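The structure under discussion appears below in the form of structure tokens.
Residue numbers (this note's numbering): -9 to 363.
Right under this line is the structure:
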């Protein structure tokens, strides 16, 4: 199959007309929106937006306050783990949540993830030691992985990616770093109050034991690989020394503002890419250009040093943001165009797992390289 074909001619997206896919899906769906008021639908959509906003916010909000947290809890060694514990939990739980939603239903799984996030945010906000905070962040990531699989609203990620670093810096500078976790409580609480009575999802459930047998070669191999991976993880982490803090002596709020060029440029580009794909149906070329820009900018980042000017920092971030913006949606679209409808959920979960795991590895690897280089 030529992946550069217009979307109307690819895989399961094949259409005989130019009618919008949304309208056709609604007509063919086994359930309709009849009996649901506009107010109810609006409340559910707002609550779902809050759910994903919390997941995205927890990913970005601590990025500018890690030095403050590390100093307050007197633990330089835990600096990297505050961020990576979340992304590791996020990556590890993503596929589990997706499979649970197929056997237990989407609403119960979403509500369970919300309750878990509420409790873990409370643990983080009241943590008196670095181990307690890291444990809370790991559980936060586990809950965030579930919410991300249940709700996929890209515009909310755009807002949270922009607001998170600045909001985290402002809360830390004006109040306390603990407020970057307290802020989750009213958001998740409001979402729970709306979703419990109003969210009505009719979904087919598969038996929990359906699928591969416990003694099948696939299951046995995955279990063995899992044990090996965990063993290697423990072995490597036991030999990691304290991570350094490399800083430009910027305040938490200013650190958040310095992230704006990359988040704004990537947000604008991702929106523009969506418009282009909608009009042309082509995504392969956009993906290639995005990778070229990211590769180019990775090389340019080598030129950064302590004396780099603000103009250089902004310019380099904008280029990287454009490349990242081109890679937000097209790879997932290409994936969906090349799998059957029954494989979409598993493919999406795997895609999210790879992205989350990459983020986890990048955080730790960056700290190691800074320490050694």
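Yeah, the Cβ is synthetic: ideal placement off N, Cα and C, and Gly gets one too. In this text, all values refer to a predicted model and were calculated from it rather than measured experimentally.
* **Span of the alpha helix (DSSP H) around residue 51** => Here the question's residue 51 lines up with position 61 in the chain shown. Where residue 51 is concerned, there is no enclosing alpha helix (DSSP H), given that its DSSP letter is neither H nor E.
* To do: Might you give, ordered along the chain, the residues of its own chain that have their beta carbon closer than 7 angstroms to the beta carbon of residue 133, omitting 5 neighbours on each side?
  => Position 143 of the chain shown holds residue 133. If we look at residue 133 and ignore the five residues flanking it on each side, its Cβ neighbours are 103, 106, 107, 110.
* How is residue 317 classed by DSSP in three states: helix, strand or coil? -> Indexing the chain shown from 1 puts residue 317 at position 327. If DSSP states are grouped into helix, strand and coil, residue 317 belongs with coil.
* Applying the criterion that 16 or more other CB atoms from any shown protein chain within 10 Å of the CB defines a buried residue, is residue 344 buried or exposed? -> Within the chain shown, residue 344 is the residue found at index 354, counting from 1. Exposed: under 16 other Cβ atoms inside 10 Å.
* Alpha carbon to alpha carbon, what distance is there between residue 278 and residue 40? -> Your numbering for residue 40 matches position 50 in the chain shown. Your numbering for residue 278 matches position 288 in the chain shown. Distance between the alpha carbons of residue 40 and residue 278 is about 33 angstroms.
* Going straight from the alpha carbon of residue 30 to that of residue 293, what length do you get? -> Looking up residue 30 in the chain shown gives position 40. Looking up residue 293 in the chain shown gives position 303. For residue 30 and residue 293, the distance between alpha carbons rounds to 53 angstroms.
* **CB of residue 185 within 8 angstroms of CB of residue 34, strictly** => Here the question's residue 185 lines up with position 195 in the chain shown. Here the question's residue 34 lines up with position 44 in the chain shown. Cβ atoms of residue 185 and residue 34: closer than 8 angstroms.
* **For residue 295, the first and last residue of its enclosing alpha helix (DSSP H)** => Residue numbering aside, residue 295 sits at position 305 when the chain shown is read from its first letter. Where residue 295 is concerned, there is no enclosing alpha helix (DSSP H), given that its DSSP letter is neither H nor E.
* Grouping DSSP H, G and I as helix and E and B as strand, with all else coil, what is residue 149? -> Along the chain shown, one-based indexing puts residue 149 at 159. Note on residue 149: pLDDT 46, under 50, position unreliable in the model; the coordinate value appears next. Here residue 149 sits in helix by DSSP.
* Asked: Nearest-angstrom Cα distance between residue 115 and residue 165?
  -> By one-based count along the chain shown, residue 115 stands at place 125. By one-based count along the chain shown, residue 165 stands at place 175. Cα to Cα, the separation comes out at about 13 angstroms.
* When the Cα atoms are used, what is the spatial distance from residue 120 to residue 74? -> Here residue 120 refers to the residue found at position 130 when the chain shown is read from its first residue. Here residue 74 refers to the residue found at position 84 when the chain shown is read from its first residue. Their Cα atoms are separated by approximately 13 angstroms.
* To do: Measure the alpha-carbon distance for residue 304 versus residue 259 and round it to whole angstroms.
  => If you number the chain shown from 1, residue 304 lands on position 314. If you number the chain shown from 1, residue 259 lands on position 269. So the alpha carbons of these two residues sit roughly 16 angstroms apart.
* Where residue 58 falls, given that 16 or more other Cβ within 10 Å makes a residue buried -> In the chain shown, counting from the first residue as 1, residue 58 sits at position 68. Burial call: buried.
* Can you tell which of 265, 284, 97, 122 has the C-alpha that lies nearest to the C-alpha of residue 252? -> Position 262 of the chain shown, counted from the first residue, corresponds to residue 252. For residue 252, the nearest C-alpha among the options comes from 284.
* Using the Cα positions of residue 38 and residue 177, report the straight-line distance between them to the nearest angstrom. => Here residue 38 corresponds to residue number 48 of the chain shown, with the count starting at 1. Here residue 177 corresponds to residue number 187 of the chain shown, with the count starting at 1. Looking at the two C-alpha atoms, the distance is approximately 11 angstroms.
* Any chance the CB of residue 315 is under 7 angstroms from a heavy atom of the ligand COA? -> With respect to the ligand COA, the structure offers nothing, as it holds no ligand at all.
* To do: May I have the straight-line CA-CA distance separating residue 205 from residue 341, to the nearest angstrom?
  => Translated into positions along the chain shown, residue 205 becomes position 215. Translated into positions along the chain shown, residue 341 becomes position 351. Computed Cα separation, rounded: 27 angstroms.
* To do: Rank 249, 329, 266, 269 by C-alpha distance to the C-alpha of residue 311 and give the top, closest one.
  => On the chain shown, residue 311 is found 321 positions in, with the first residue counted as 1. Measuring from the Cα of residue 311, the nearest candidate turns out to be 249.
* To do: Please report the residue range of the alpha helix (DSSP H) in which residue 256 lies.
  => Within the chain shown, numbered from 1, the residue matching residue 256 stands at position 266. Residues 250 to 270.
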